[in-house]
Every structure is written in C-alpha cells, then in structure tokens.
Amino acid sequence: MKIVDQLARPGVSVSFEVFPPKKETDFPRAEQVVREIASLSPSYLSVTFGAGGGTSPNTVRIAERVQQLGVPALAHLTCVSLTRDQVAAVLDRLKEHGIENVLALRGDIPSGGTFPAPRQYRYASELVREIKERGDFCIGAACYPEGHVECEHKEDDIDHLKAKVDCGCDFLTTQMFFDNNVFYNFLYRILAKGIRIPVVAGIMPVTNSRQIRRICALSGTVLPPRFKAIVDRFSDNPPAMKQAGVAYATEQIIDLIANGVRAVHVYTMNKPDVARKIIENLSEIRKIR
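In this note's numbering, the protein residues as written are 1 to 289.
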C-alpha cells in the first residue's frame, strides 16, 4: 500500500523506524527487531539508508522483509554521495521487490566534504524529481519544524521545502521535536506557503543521555525546560531515564492527536520494547475514528 493512501484512511497512523545492519553477521538480529516491531501492527515501517549508501543493499533486504510480514515499507534513499546511475540502480531494486514507498533525502555532507563519487545531487528536490520520473513511487521527504541546521533563515528553509513538494513529494515527515508548539507553528507557516500535503509528526523517545548530546549536535533541536528537567533528574539512572523518555514521548503524541494530528512517526532506534510501550500507551486512543 502507498503511504499517502494509508495516511488518508480514518484513524491515527502510528509508524516506526528501523535501520538495517552494517555487517552481514548482524542481519539475524535486525530481522528479529523487524519481526517484533511489525507484530505491533504499525501503519508502516521506514527503513534507513546509511551514510554514503553504505547499507543500501540491506535497506532493500530489510524493506522486503517488512512487506513479507504484511506491513508497508518506506525505504529511505539518500543521494548526497551517490551518482545518478547508483540512484537508478537502487530504484530498480526497489521496483523488483515491490517496494513502492521511498523517503527522498539529501543526506549529511561527508566529514571534510570528501565525496566517494562525483557529486551529482545538491538538493533533495532533485532526487524527488528523478524518483517521480522513474516510476510510480509514493515519495516522502523530510521537513524541519525548527529549520534545517544548515539554513540561516526559516523562511528560506520553507522555500526549499516547497520546491520538494512542487517536484512531486506526496507527504512529509518531520525531524524530531520536543515542543509541540514548535510543530503547530510550523504547520501554520507551511500552509501559508501553499503546502497542503500530509505532514507526519516525528517523535523520538529519548531513552539515554547520549542521544541528547547527539540530537543537539546534529540537528540544533531545542530542548524545552520541562524536558531538560527530566534529563537533569534521570540521566544518571538508565532505567528511570528510559521510562521518563517513553512517558514524555507518549504525552507528546497524545497532545498531537488531541489537537487533530492524524499521523505520528516514532524514531525507536531499533528498540522493540520502546515501540511496544508506546503502542500500549496508545491502545485505546488509536481506536478513535
């Protein structure tokens, strides 16, 4: 099923993210993670790609496994370090395996700006356009409620987002955020720019203090005082931090749904127990139509 059709169905969409193994020996564990999360009946599972295309073959393998379990798969495709021929090859593999949903991403610039191949893509909009031309894919793209870390002005960032939508993007998924008001304000701003495709809210249950440091370093995400208080109080106690992180994420999701948001994507970092707890916390709420 195409995700844009999934998002149009009644009720609340809750999806999760998994990432493929870097080493072949880790594949059985990755398959087990997929089985456990798929058993929770998510709306779909997204499968990450990996810096420089390093895990791209396993992305297709894991995405195929997801669909064999009866769950729609959303395969990430990162283009910053790939040639157009390499992108075409990945898209051909996705077609061969019946995977019709693609999340089109530019990806992070390699450290030092050294690329493994001649750089042929500079913006995700170029990738969106190419995917649109190469087949009947449902195309998702990323968006940044707090602005992209490389973009100085938020309005410029929304102009770039509009370019992705105009090139054929079918739905958007946000980077993680920890203040729902940031997300609500973002929705108003993109609506003013004429962006009316579905927007999926990205939520990360923070279960350890290392995640916080990485989030802040890579994305520039703002941590609200209430969340900082949780980290300050529980970061030295891993079980307590995990419980508090899941509770905070659950409260975010409940608030989003109460305010009319119909699609939430949870960055679970290959942790089936976290995904399961989120689903349990939303067991009755998900039934509401």
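Ideal placement from N, C-alpha and C gives every residue a C-beta, glycine not left out.
A straight-line Cα-Cα distance of about 34 Å links residue 253 and residue 122. The beta-bridge partner set that DSSP reports for residue 88 is empty. By the C-beta density criterion, residue 41 is exposed, having fewer than 16 other C-beta atoms within 10 angstroms. Shortest Cα-Cα distance from residue 60 to any of 278, 75, 276, 3 involves 75. DSSP places residue 46 in no alpha helix (DSSP H) but in the uninterrupted beta strand (DSSP E) bounded by 45-47. Pairing residue 272 with residue 103, the inter-Cα distance amounts to about 22 Å. Straight across, the Cα-Cα distance linking residue 35 with residue 23 is about 19 Å. Distance from residue 30 to residue 69 at the Cβ level is roughly 13 Å; contact not present, criterion being Cβ atoms closer than 8 Å. Taking the CA atoms as reference points, residue 256 sits about 10 Å from residue 203. Residue 78 and residue 4 have their C-alpha atoms spaced approximately 20 Å apart. DSSP, read as helix, strand or coil, puts residue 174 in strand. Taken atom to atom, the span from the alpha-carbon of residue 14 to that of residue 145 is near 19 Å. Each residue's CA atom was taken as its position, placing residue 99 and residue 188 some 33 Å apart. By the neighbour-count definition (other C-beta atoms within 10 Å, threshold 16), residue 205 is a buried residue. For residue 194, the closest C-alpha among the options 211, 166, 176 is that of 166.
Residue 11 has its alpha-carbon roughly 26 Å from the corresponding atom of residue 33. Here DSSP, grouped into helix, strand and coil, assigns residue 260 to coil.
As the crow flies, the alpha-carbon of residue 62 is around 18 Å from that of residue 140. Ranked by Cα distance from residue 284, the first of 250, 240, 270, 266 is 250. Looking at the DSSP output, residue 17 sits in a beta bridge with 46.
DSSP, read as helix, strand or coil, puts residue 82 in coil.
The beta-carbon distance between residue 45 and residue 198, rounded to whole angstroms, is 17 Å. This is too long to meet the 8 Å contact definition. In the displayed model, residue 97 falls within coil according to three-state DSSP, outside both helix and strand. Cβ contact annotation for residue 227 (same chain, cutoff 7 Å, sequence separation greater than five): 178, 248, in chain order.
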